[in-house]
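Numbering (this note's numbering), first residue to last: -19 to 106.
Yeah, the Cβ is synthetic: ideal placement off N, Cα and C, and Gly gets one too.
Notes for the one structure printed next.
Written out as structure tokens, the structure reads:
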């Protein structure tokens, strides 16, 4: 299976002006490479099992390394998808401000918000 031409996806990523456009370009890239990478993952997994050398394989042995390589490619695809979701959530679904920690710009003519406990001129209580 030939590797897909990634230049259109690179151009789309470079031209993205918003998180939604970036997400669309990234997802198009992932959709394009997933079938190819799935074949690579399958091939590495088969290579790891060649002549049953994977049975009882020690860490660092060729079968162990091949299996780990297949797993890492799969993990990389999942990480890219998670990064995409995190970017979209940050831009379009920010977490709620349950404790009023996010500062809002002051509204002209509105009373100032309290800055904390007021203890008078005697300073803080012991």
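Reference residue 19, options -17, 9, -8, closest by Cα: Minimum Cα distance to residue 19 is reached at -17.
Nearest-angstrom Cα separation, counted from residue -4 out to residue 57: Looking at the backbone, the Cα of residue 57 and that of residue -4 are separated by about 21 Å.
Bounding residues of the alpha helix (DSSP H) (the contiguous stretch that carries residue 57): Bounds of the alpha helix (DSSP H) holding residue 57 are 42 to 72.
Chain-order list of residues whose beta-carbon lies under 7 Å from that of residue 53 (same chain, five-residue window excluded): Close CB contacts of residue 53 within its chain, under the 7 Å cut and outside five residues either way in sequence, are with 17, 20, 21 (chain order).
As assigned by DSSP and simplified to three states, the class of residue 4: Residue 4 carries a helical assignment under DSSP once its states are collapsed to helix, strand and coil.
Residue 43 burial status per 10 Å Cβ neighbour count (16 or more: buried): Residue 43 counts as buried, since at least 16 other C-beta atoms from the protein chains shown sit within 10 angstroms of its C-beta.
Alpha-carbon spacing of residue 1 relative to residue 67, whole angstroms: Residue 1 and residue 67 have their alpha carbons spaced roughly 11 Å apart.
Backbone CA spacing between residue 4 and residue 14 [nearest angstrom]: Approximately 15 Å, taken between the alpha carbons.
Residue -14 classed as buried or exposed, judged by whether at least 16 other C-beta atoms fall within 10 angstroms: With fewer than 16 other beta carbons inside 10 angstroms of its own, residue -14 counts as exposed.
Residue burial classification, residue 50 (beta-carbon count within 10 angstroms, cutoff 16): Within a 10 Å sphere around the beta-carbon of residue 50 sit 16 or more other beta-carbons, which makes this residue buried.
Euclidean distance between Cα positions of residue 27 and residue 12: So the alpha carbons of these two residues sit roughly 24 Å apart.
Spatially closest choice to residue 9 from 24, -12, 23, by CA coordinates: With distances taken between Cα atoms, residue 9 lies closest to -12.
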